[in-house]
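Single-structure report; data block below.
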Amino acid sequence: DQQVKQNSPSLSVQEGRISILNCDYTNSMFDYFLWYKKYPAEGPTFLISISSIKDKNEDGRFTVFLNKSAKHLSLHIVPSQPGDSAVYFCAASGDSSASKIIFGSGTRLSIRP
Amino acid sequence: NAGVTQTPKFRILKIGQSMTLQCAQDMNHNYMYWYRQDPGMGLKLIYYSVGAGITDKGEVPNGYNVSRSTTEDFPLRLELAAPSQTSVYFCASSYSEGASGNTIYFGEGSWLTVV
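Each protein sequence line maps, in turn, to chains A and B. Mapping to my numbering: the first sequence position 113 is 113, numbers consecutive. Mapping to my numbering: the second sequence position 62 is 175, numbers consecutive.
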């Protein structure tokens with residue numbers, strides 16, 4: 001029973017275009033959502049987060065959108081750059097506790113020239 | 114600027130063997146975590162610790178043990194290794210337990226294969 005789902009295992013986007021990574025969740029008690037980025041042979045690193053009281057959070061080229069009614073969030077990267085090629089994990093937490101963070105299975109983003 | 118350091122990076126174990134994955138952090142973080150990531154799956158929490166001398170089970174603790182004798186170190190012990198424990202293991206730490214406004218710092222991972 002996956003509470004956080006990333007249904008696209010991989011995504012290929014041309015350099016300079018927008019990358020949109022999607023994530024769905026089932027638990028309506030989740031109130032905080034995070035995106036992590038992972039390069040091969042490295043640990044995940046925090047990218048951006050959003051609280052359930054917001055519907056958008058922006059940080060430079062990265063924007064996360066939250067649609068609570070649809071239990072859906074998305075990460076937009078504009079413009080996409082070669083260094084963005086990585087695995088992106090969506091994660092959610094229900095009580096603002098790091099020990100209760102549930103991770104999705106990840107989406108591998110490839111930026112092609 | 115070490116952050117979270119895990120050793121070993123790669124290990125092959127035979128069924129029934131035991132081993133310890135080492136984890137150390139130099140950021141004076143109170144909270145430390147062990148996750149495993151199976152192919153095509155998200156990270157799952159094995160054990161976590163809120164401070165020296167205090168540990169608690171996560172989502173998938175069976176077959177593992179942990180200890181936290183110091184703030185810096187959080188070793189993960191595998192007793193009687195089984196093929197189901199073949200995975201990539203990530204140690205992590207954070208200053209506080211709150212997910213909001215908090216970031217978790219991960220180590221580079223330890224690839225373990227049980228044959």
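Every residue, glycine too, gets a C-beta built ideally from N, C-alpha and C.
7 Å Cβ shell around residue i - same chain, five flanking residues per side excluded
| i | result |
| --- | --- |
| B/A195 | I128, G176 and V227 |
| A/D84 | S19, I77, L109 and I111 |
| B/D151 | S200 |
| A/S12 | S110 and R112 |
Continuous beta strand (DSSP E) stretch holding residue i: start and end
| i | result |
| --- | --- |
| A/F33 | Y32 to K38 |
| A/N22 | S19 to Y25 |
| A/I111 | T107 to R112 |
| A/Q14 | S10 to Q14 |
| A/A92 | A86 to S93 |
| B/S223 | S223 to V227 |
Beta-carbon proximity check, residue i vs residue j, cutoff 7 Å
| i | j | result |
| --- | --- | --- |
| B/Y144 | B/E185 | no |
| A/S105 | B/G155 | yes |
| A/K5 | A/D31 | no |
| A/F89 | A/Y36 | yes |
| B/F203 | A/G43 | yes |
| B/Y161 | B/P174 | no |
| B/H142 | B/S206 | yes |
| A/F62 | A/I48 | yes |
Own chain, CB closer than 6 Å to residue i, minus 5 neighbours either side, in chain order
| i | result |
| --- | --- |
| A/L66 | I50, D55 and L73 |
| B/I217 | A205 and S207 |
| A/P79 | G16 |
Own chain partners of residue i with C-beta closer than 8 Å, once the 5 adjacent residues on each side are dropped
| i | result |
| --- | --- |
| A/N7 | N22 and D24 |
Using Cβ-Cβ distances below 9 Å, what residues of the region 117–139 of chain B are close to chain A?
-> V117, Q119 and K122: these are the residues of the region 117–139 of chain B whose beta carbon lies less than 9 Å from some beta carbon of chain A, given in chain order.
Note down, in chain order, all residues in the region 197–212 of chain B with a beta-carbon under 9 Å from any beta-carbon belonging to chain A.
-> So the list reads F203, C204, A205, S207, S209, E210, G211 and A212, given in the order they occur along the chain.
Contact residues within the region 40–68 of chain A, judged by C-beta distance below 8 Å to chain B = Taking 8 Å as the Cβ-Cβ cut-off against chain B, the residues of the region 40–68 of chain A that qualify are A41, E42, G43, P44, T45, F46, S49 and S51.
When Cβ atoms are compared, which residues of the region 151–185 of chain B fall closer than 9 Å to chain A?
-> Going along the region 151–185 of chain B in chain order, one finds G153, M154, G155, L156, K157, L158, Y161, V163, D169, G171 and E172 with a Cβ nearer than 9 Å to chain A.
Give, in chain order, every unbroken run of the beta strand (DSSP E) that is at least 3 residues long and sits entirely within the region 154–208 of chain B.
-> Counting only runs of 3 or more, we get 156–164, 167–170, 177–179, 189–191 and 200–207.
What are the complete alpha helix (DSSP H) segments, minimum 4 residues, inside the region 116–144 of chain B?
-> If we require 4 residues or more, the region 116–144 of chain B turns out to have no alpha helix (DSSP H) run fully inside it.
Interface residues of the region 215–227 of chain B facing chain A [CB-CB below 7 Å] | Taking 7 Å as the Cβ-Cβ cut-off against chain A, the residues of the region 215–227 of chain B that qualify are N215, T216, I217, F219, G220, E221 and G222.
Runs of beta strand (DSSP E) lying entirely within the region 31–81 of chain A, each at least 3 residues, in chain order | The qualifying runs are 32–38, 45–51, 56–59, 62–67 and 72–77.
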